[in-house]
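Numbering (UniProt numbering), first residue to last: 1 to 94.
Since the structure comes first, as structure tokens, the remarks are kept for the end.
Next up, the structure:
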């Protein structure tokens, strides 16, 4: 999925949120997902070092993990810069 589609999905989400049909996305929740994805990526790298015969399969998984991390980081950036940002206003600053 390209970033144009992600942007469109974010706009749809923001419209649902303004209509009261969706909850706010909290940046810390996105950060948790990013941390989990990075941990999974590190585990895949370790697995690749132990089992070189599965290199092609692991390369595909690493590529997917990198793409998911990039998308999550994009979402985190969009949450902070969007004019109708769904960031929880009650959350303490970091």
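C-beta: ideal position from N, C-alpha, C; glycine also.
Close beta carbons around residue 69, own chain, < 8 Å, minus the five adjacent residues each side:
34, 37, 38 and 41
For the alpha helix (DSSP H) holding residue 49, just list the boundary residues, first then last.
27 to 50
Tell me the rounded alpha-carbon separation between residue 7 and residue 60.
25 Å
When burial is assigned at 16 or more other CB atoms within 10 Å of the CB, is residue 49 buried or exposed?
exposed
DSSP three-state label for residue 65, please.
helix
To the nearest angstrom, how far is the alpha carbon of residue 67 from that of residue 73?
10 Å
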